[in-house]
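Undergrad:
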Amino acid sequence: MPLKKVLDLLKDPEHLFNLNFRSEFERAACKRLLHNPHWLTCGMKAVIGAARECMDVAGGHISESLSAKLFREAKVHHVFCLMGVDTTEFLGLHCGTFYNVGSGRRQMTTDFYLRIFLPTFSRKLEALVGSNEPFYNLLIAPVVLMVFRKDTGFGSVRERIIVDHVMAHKNLFRQDLRQAPMGELRPLKATEKK
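Going by our numbering, the first residue of the sequence shown is number 971, and it counts up by one from there.
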């Protein structure tokens, strides 16, 4: 399928990626997200963090297998299958590029992955397809759209991101309360012992 038709299909990601919007606000937020490269990168970082948490991988690193699983779960290879790149070729190019860019290492930091690996991988895909169009957004948008899906191998990414944020910033969401002498609830002072 020509690249133009694939890009037209991606203008309606709701049906292509089986998205589940809770409201019209989420649908509008998704459309804004897809047109802002900075938000896409931030969303990619959030999805990687949620996937690491689900797979019990600590730290700010991503392995080749986790990266490949992210792309498989996000159905990125389906988009490239429409352009004539089969799944085996896509995953083989992914693996080769990962180890080449990472100098043979099994893992790389998330920032290195986002700044170096993904642009390199997208350029190699562009060369494979023979396109002058940049594939970076085409590569990461389906992964970020996993936030709006329920059928991922990582569970619901949306809830996991919210839970991770709350757990990392407990003091923003928790207020210790105790019973006051008059039966009113009041916050504990920092100097009071529990």
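No residue lacks a Cβ here, since even glycine has one placed at the ideal position from N, Cα and C.
Report yes or no: do the segment 1071-1090 and the segment 1106-1115 share at least 3 C-beta pairs separated by less than 8 angstroms?
TA: Counting Cβ pairs under 8 angstroms, three or more are found: they touch.
Undergrad: Consult DSSP for residue 1008 and reduce its assignment to one of helix, strand or coil.
TA: It is helical.
Undergrad: Hey, which unbroken runs of the beta strand (DSSP E) at 3 residues or more fall wholly within the segment 1065-1102?
TA: Qualifying beta strand (DSSP E) stretches, in chain order: 1077-1079.
Undergrad: Could you tell me the distance, in whole angstroms, from the CA atom of residue 1020 to the CA atom of residue 1094?
TA: Cα to Cα, residue 1020 sits roughly 27 angstroms from residue 1094.
Undergrad: In this structure, how does DSSP classify residue 1035 when only helix, strand and coil are distinguished?
TA: DSSP places residue 1035 in helix when its eight states are reduced to three.
Undergrad: Excluding five sequence neighbours on each side, which residues of the same chain lie with their C-beta closer than 7 angstroms to the C-beta of residue 1012?
TA: Nothing listed; no residue qualifies.
Undergrad: Could you tell me the distance, in whole angstroms, from the CA atom of residue 1171 to the CA atom of residue 1063?
TA: In the structure as shown, the chain begins at 971 and stops at 1164. Residue 1171 is therefore absent and cannot be evaluated.
Undergrad: Could you name the residues of the same chain whose beta carbon sits closer than 7 angstroms to that of residue 1077, not counting the 5 residues immediately before and after it, in chain order?
TA: So the qualifying residues of the chain are 1031, 1032, 1033.
Undergrad: Going by the beta-carbon positions, is the gap between residue 1112 and residue 1046 smaller than 7 angstroms?
TA: Yes; because the gap between Cβ atoms is below 7 angstroms, this pair is in contact.
Undergrad: Distance, Cα to Cα, residue 1003 vs residue 1009?
TA: Their backbone Cα atoms lie some 6 angstroms apart in a straight line.
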